[in-house]
Structures are given as C-alpha cells and as structure tokens.
Amino acid sequence: MKLDLDGLNADFLTSMLKASFSLENWGAMIEIADRLITQIAFIYETSSDTLREQNLKRSIPYYFGFSLCSKGIALQKLGKYPEARMCIQKYAELGWIKGLDDEGINEVKYYCNIAKANTYVLDLLEGQTGVLKEYVEFIRNSAEEELLPGLITILESSIKYNYSVDWILSEFEINANDIGAQGTQESIRYFVDYKFLLAMYHYKQENMCDAINTILETLLLSITLKDDTGFKKAAALFEILRVYANQSQLQVHHNIMKTIIERELTNEKENVLTYSRSLN
154 MKLDLDGLNA DFLTSMLKAS FSLENWGAMI EIADRLITQI AFIYETSSDT LREQNLKRSI
214 PYYFGFSLCS KGIALQKLGK YPEARMCIQK YAELGWIKGL DDEGINEVKY YCNIAKANTY
274 VLDLLEGQTG VLKEYVEFIR NSAEEELLPG LITILESSIK YNYSVDWILS EFEINANDIG
334 AQGTQESIRY FVDYKFLLAM YHYKQENMCD AINTILETLL LSITLKDDTG FKKAAALFEI
394 LRVYANQSQL QVHHNIMKTI IERELTNEKE NVLTYSRSLN
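In our numbering, each number is its position in the sequence shown, counted from 1, plus 153.
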C-alpha cells in the first residue's frame, strides 16, 4: 500500500526514514527516501538560500546524502545490489551543491566516506571476500559509530559464504554498556542485530553452546532496549536452536518468558486501575 506522504516536510520525512529502518520496513524506506529526494531537490533548485530555506534543521547536503544512503541500505537489504550501488555513486560526490557553508562541506566529506564504506559492504555481500582485510583496516581507522554496522556486514557475509571471522571478533568487542537504554533507534537496532547475527554465526560454525547463550542474551537485550523487531527474530532463532540447549539454558529461557508474562500482567493490572480511577 502506497504511503500518504503529502504535506510532510523534509525533517519529518527524515524521522520517518529512521523509524522505518528500526522496523526493517525496507519498502517504506525506499518510498520515503524518494519523496525526500524529490522535495529537497525542489527546495535546492528554487531557493535563494540553499542551506536554510523553509526552516530546514540541517544543510542541503545532509538531506541529499541521508535520503540516498537510506534508500541504498533498503535496496541492499532487499538484495538489489546494482541499484544500491547506483545510490552510493550519487552520494559519494555531493560537491556539486552550491553555497556550501562549513556544515555543508563537512556533510559532503562525511557521505563521501560513507560511500566508501558501503562499497566495501556490497563487495562483501556479493562474496568478494578479498576486500575483507582492507575493510577491517577501514573500520580501525573510522569513527566509533562505524564499528557496529561494519561488524554486522562482516557477520552477514561470513554467514552467507560460510567462512570464519573469529580473528575479527576477537579484536573488536562490544557490550551493552556501549549502547545503553538511552541509545538512538539506529544504535539499538544495530546492536540487537549484531547480537542476533553473532548467534547465527556461532550456529553456522557449529558452536551450539555459544549460539544459544548469545541468542538468550539477545532476547534479554531486546526486552531491556525495547526492540520488538529484534525480540521476534531472537525468539524464532531460539526455537530452531532449542533442540541443542542444555537444561540450564532452557531454564534461562523459561525465566525470560516468565518475566515477560509477569510484566505484561502487571502492566495490564495497572492500566485497569488507571481506567477505574478515571471513571470515579
């Protein structure tokens, strides 16, 4: 079903893109990104002040880069790699935009760097494992926020093409404290996805004990961080792995499910009490 995006400004569309990413709604991301690209192009072409027209919160290069990058990610997730590469080519060079201030110049540089990273991503997802060491070096030299997406790509590639990346995982360690309950939608989604893929990786490497322990951690994290998308995926994977679980692991899973039920019953009771008070 086509989304009704009429009358929505660029910043609201940006927020919608972030929410669609969190929900893994790739079709919606593409549709919203196309609308944002069209809208920001119109503003740029008709505006006398290309950087701050119509109360935009960010610079024009940001909106071009973010929309094209988001669309490329959605296409990548759908396995449409040639189309994703076309998006990368477009945000790799945004220097054609006129009237750039310091913020705009920094955005151009940022998306140029992201384009390089996402080219590595597509290479790995297409099985070009020869770029792996080069990509790891790129991650080492990049900003900290690039680590989680990078590890996710590496795990996705290793799972798909069945090769070991133990040497990479031993170098880069990430824990829940690095994200925290106050993390952004994107960082939470990335972290829970990382843990899920790590469990899948252990499973593919036939390390069942670590696979089950990791998916149990993922269940707990998705509850704590309120990531419903991650919880559903983790719950499904545990059922596949259940046959390999020992009694201790089964008990942990039982306790997690029991906690959820008790929490829901408590919330339901509180809602009933609140409703009853409102009637008095």
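Just so you know, even glycine gets a beta-carbon here, dropped at the ideal spot from N, CA and C. Just so you know, these numbers come straight off a predicted model, no measurement behind them.
### Query
Since leucine 247 and phenylalanine 219 are thought to touch, with beta carbons under 8 Å apart, how far apart are those beta carbons, to the nearest angstrom?
With a beta-carbon spacing of about 11 Å, leucine 247 and phenylalanine 219 fall beyond the 8 Å limit used to define contacts.
### Query
Which class does aspartate 164 belong to by DSSP, given the choice of helix, strand or coil?
In this structure, aspartate 164 counts as helix in the three-state DSSP scheme.
### Query
With 16 other CB atoms within 10 Å as the buried threshold, where does cysteine 142 fall?
The requested residue 142 does not occur in the structure, where the chain is confined to residues 154 to 433.
### Task
Give the secondary structure of glutamate 359 by DSSP, where H, G and I count as helix, E and B as strand, and everything else as coil.
Under the three-state reduction of DSSP output, glutamate 359 falls in the coil class, being neither helix nor strand.
### Query
Can you tell which of Ser173, Met239 and Gly280 has its C-alpha closest to the C-alpha of threonine 382?
Selected option, being the one with the closest Cα: Ser173.
### Query
According to DSSP, is glutamine 404 helix, strand or coil?
In the structure shown, glutamine 404 sits in a helix (DSSP, three-state: H, G or I).
### Message
Between the alpha carbons of alanine 270 and glutamate 392, how many angstroms are there, rounded?
### Response
One Cα belongs to alanine 270, the other to glutamate 392, and the distance between them is close to 34 Å.
### Task
Can you give me the Cβ contacts of leucine 369 inside the same chain, cut-off strictly under 8 Å, excluding the 5 residues immediately before and after it?
Excluding residues within five positions, the ones whose Cβ falls inside 8 Å are Phe391, Gln402, Val405, His406 and Ile409.
### Query
If you compare alpha carbons, which of Asn315, Gln338, Gly280 and Leu373 is closest to threonine 412?
Checking every option, the nearest Cα to that of threonine 412 belongs to Leu373.
### Query
The alpha helix (DSSP H) with aspartate 255 in it runs from where to where?
Segment 255 to 278, the alpha helix (DSSP H) holding aspartate 255.
### Query
Taking the alpha helix (DSSP H) that tyrosine 215 falls in, what are its first and last residues?
Its alpha helix (DSSP H) spans residues 213 to 230.
### Query
Could you give the C-beta distance for tyrosine 343 and isoleucine 365, rounded to a whole number, given that I count them as a contact under 8 Å?
In fact, because the Cβ distance is near 22 Å, the residues do not count as touching under 8 Å.
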